[in-house]
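In numbering that gives the first Met the number 0, the protein residues as written are 0 to 713.
Here a beta-carbon is modelled for each residue, glycine too, at the ideal position from N, C-alpha and C.
This one's a predicted model, so the numbers in the text were calculated from it and none came from an experiment.
Let me begin by presenting the structure, written as structure tokens, before commenting on it.
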Amino acid sequence: MPRYRRWRSRNRSWTRYAAPPEWEPPVCAYVRNLLVALEGEIADSYHEDAALSPLALRAIDLGSSRARTQKEARQQTAALRAFLKKAGGQLLRVPAPPPPVGKNLDTLSATLGLEAAEQAVLQFALAVRSHRGFRRLIANLACTGTEASDDIVAFAVAEPRPEVSRALAPMSRLIGSGLVTVKPDGDSIEQRLCPDARLIDLVLERHLDRERILSAFLSLASPPTLTELDFSHLEGEVATARCLLSAALEARRPGVNVFLYGPTGAGKTELARLLARELGVELHLAGAIDGRGRSPDAQERLASLLVGHRLLAQTRALVLFDEMEDLFQAAMPEDSMPRVAARMSKLWFNRLLEENPVPTLWITNDAGGIDPAFLRRFTYSIEFRPPGELQRRRILARHAGGEDGLAPHALDTLARRYEVSAAEIATAAQAACLVGGGAIESAAMDRFLRAALRLGSRRKPVPQRASAEGSYRLDALRASVDLPSLVEQLAIFTPGDGPGLSLCLHGPPGTGKTELVYHLAHRMGRRVLAKRVSDLESCWVGATEANIARAFDEADAEGAILLLDEADTFLRDRRGAIMQWELSMTNELLQQLDIFRGLVACTTNLMDELDEALLRRFALKVEFFHVSNEGALALFDTLLAPLLAAPLEADDRALVAERLALLTRLGPGDFAVVARRVRLLRSTPTAHDLVAALEAEVAAKGGPSRTIGFRRGE
């Protein structure tokens, strides 16, 4: 029998504690066995004169009176020696606790499939936590290393040492399920063995059954607040996940795991609830709260998951584990003391993913911190991205439309401006309805959506476009190709299996490059997914490339035209690159252009500085010029003439044409700027005022601004 260093003495008198009666029989047996195994070293744990503690006295039937004199102490010590001699080193059987604890322990063991040694270890760990006197006594038993602690537990429970070691192994049902945690850094038994706090309450239940155990470890998810229409931008992925989970439930196939990842508020949890409702099964949340209504740590959450798998193995149900990243890092509670993270070896977690008996949905906000060895074992994964403009329009109409809701044009404006999730739209609609007394106003929705956008992504709303489709003059533009004919040909383009269509629109600023893309989208019945430099660039390594890839994926999923406006940053010649990220950014754009099946348009003012390899990827290159005299007059008639107090007479129109002919660097953007300025100032200009404003715009660019007088209306 191995020897251990003597128990530490705390030099303080024993304090009698009110012992829980249901734990008294097994605790006395544990103490008795430890006395036998450790040759009486427990005798002088708490008293400097070697008097026995009341607990030790009760354990060997010597009474519970405390030795008050040296003579009584010597008598008790002599009685202990006689007891040990009679025992002869034989450990005695540990009795089961009286009802209800003993019966509840049997119920727990049968429900969770624990073996005899595992049940004995579980009973011992619960006794240490439940019996304060025993906990005080055993806290002084110093043990270092796994072998010493396994020996002590085996002595106390009177079970064979190999079986106790198997029960305390990481892969056992007792430890692997998280019912008991073994902390390797503990220097005593009570610090090393930590049973789940929920078990302490469960064993005291009057009538413990499977349903009560299940409710202690898992909670039912609430019904979803979103519908399938809210996830129309993920229609294909959602249908695949639904089919997979349905087949797994029917076949009771183990190892089925669906991984949902994406930014906060994208609707991952709502989709899990929606899938459960559509499949007609219950969704159980693993690790939502601990046994006492508090936020659980990683170990408690893992125990909840594993116990749930065991209890739900033969039922039609789904399990949801949210915030999966908790399993891979230690939590830091308010007291700044690190909690113990779950034992997450690759082998152990891989087995969990391959053998879990219940289809499980895993949710995380960031998949970057998870080992690729784990990621490849997920059966199916869905990346959540913000819904596109068309999907946002449908979601807004459902939550904020109707008789007391927003008009169609307001829904269009909000859908275009705010790139928010379905959950954020639903929350904003509820808030707007609350402040509006049941009615939803456009201004209120605008405020709430703006706040949600800034809080979630620190971004600003997409600016509204000033020009309307009805005022667009394609015939007024001047380019290297016949634009009306080109638009007619592109309008019938449909994505196929091969590479898509790529356009490079280049030329001076304000010549109509960006506006042509929006006009083409209107003709094709599609939306424009415009990405600015601020949308794609990031200070983090690899994040810019990921944003570029995500933009192409989003356009492909929505069937939108991808517009990279002012894309000089991404298209510059790599021979002039200084930093590595400049090369990788351009390389990523090259790869995406090769595999993208839709229509992508890039606009630039710096054609001479573009990368040659990128230029070869563009199927069409269209150069834009400043407008001709006829085009300038056509734009004046369309955009500026309606702002005059009275229609132009023939002579005045001739003077306007003559003055516009002297402006050699006019573009459609100049006319749009002047028209927008007049509307903002709410003025009634004359023809002279409008032409002078155009001359000022050209002068700002360095062009000629010679004036000719008007005969009337000046």
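- Residue state for Ile137 is assigned as helix, using DSSP reduced to three classes.
- Burial state of Glu23 is buried, judged by a 10 Å Cβ sphere holding 16 or more other Cβ atoms.
- If you keep only unbroken beta strand (DSSP E) runs of at least 3 residues inside the segment 580 to 645, you get 598 to 603 and 619 to 624.
- In the assembly as shown, Arg205 is an exposed residue. Its beta-carbon has fewer than 16 other beta-carbons within 10 Å.
- The beta-bridge partner set that DSSP reports for Tyr260 consists of Thr363 and Glu382.
- When the five nearest sequence neighbours on each side are left out, the beta carbons in the same chain lying within less than 6 angstroms of the beta carbon of Ala58 are those of Cys27, Val30 and Arg31, in order along the chain.
- Of the residues assessed, Ile594 falls on the exposed side of the cut-off, its CB having fewer than 16 other CB atoms within 10 angstroms.
- From the listed residues Ala450, Thr426 and Ala451, the smallest Cα separation to Ile439 is found for Thr426.
- Per the Cβ contact rule, the segment 248 to 260 is in contact with the segment 356 to 364 (3 or more Cβ pairs under 8 angstroms).
- DSSP, reduced to helix, strand and coil, places His308 within a helical segment of the structure shown.
- For Arg477, the secondary structure class from DSSP, reduced to helix, strand or coil, is strand.
- Between the alpha carbons of Ala645 and Ser682 lies a gap of roughly 14 angstroms.
- CA-CA distance, Phe373 to Asp365, rounds to 14 angstroms.
- The criterion of a C-beta distance shorter than 8 angstroms is satisfied by Ser218 and Ala287.
- When the five nearest sequence neighbours on each side are left out, the beta carbons in the same chain lying within less than 7 angstroms of the beta carbon of Glu277 are those of Arg241, in order along the chain.
- DSSP, read as helix, strand or coil, puts Glu657 in helix.
- Here Glu158 is buried. Its C-beta has 16 or more other C-beta atoms within 10 Å.
- Around Glu544, the same chain offers Ser583, Met584 and Glu587 as residues with beta carbons nearer than 7 angstroms, after the five sequence neighbours per side are excluded.
- Pairing Glu557 with Val690, the inter-Cα distance amounts to about 43 angstroms.
- Look at Glu23 here: in three-state DSSP terms it is helix.
- The shortest C-alpha to C-alpha distance from Ser627 to any of Leu605, Arg615 and Arg664 is the one to Arg664.
- Straight through space, the alpha carbons of Ala396 and Val120 are spaced by roughly 59 angstroms.
- Counted as a single uninterrupted DSSP element, the alpha helix (DSSP H) harbouring Lys512 occupies residues Lys512 to Met523.
- Measuring C-alpha to C-alpha distances from Ile151 to each of Leu201, Tyr417 and Glu38 identifies Glu38 as the nearest.
- Annotated as distal: Leu693 and Leu654, with beta-carbon spacing of 8 angstroms or more.
- Leu207 sits close to Thr106, with the two beta carbons spaced by under 8 angstroms.
- The three-state secondary structure of Val163, taken from DSSP, is helix.
- Straight-line spacing of the CA atoms in His232 and Gln390 works out to 6 angstroms.
- The three-state secondary structure of Phe320, taken from DSSP, is strand.
- Pairing Leu614 with Leu473, the inter-Cα distance amounts to about 25 angstroms.
- A straight-line Cα-Cα distance of about 23 angstroms links Gln190 and Pro96.
- Counting along the chain, Glu281 sits inside the beta strand (DSSP E) bounded by residues Glu281 to Ala285.
- Non-local C-beta neighbours of Cys432 in its own chain, meaning closer than 6 angstroms and more than five positions away in sequence, comprise Ile439, ordered along the chain.
- Taken through DSSP and simplified to helix, strand or coil, Val237 comes out as helix.
- The shortest CA-to-CA distance from Thr602 to any of Ser501, Ala550, Leu642 and Ser164 is the one to Ser501.
- About 4 angstroms separates the Cβ atoms of Leu192 and Ala124, confirming a contact at the 8 angstroms cut-off.
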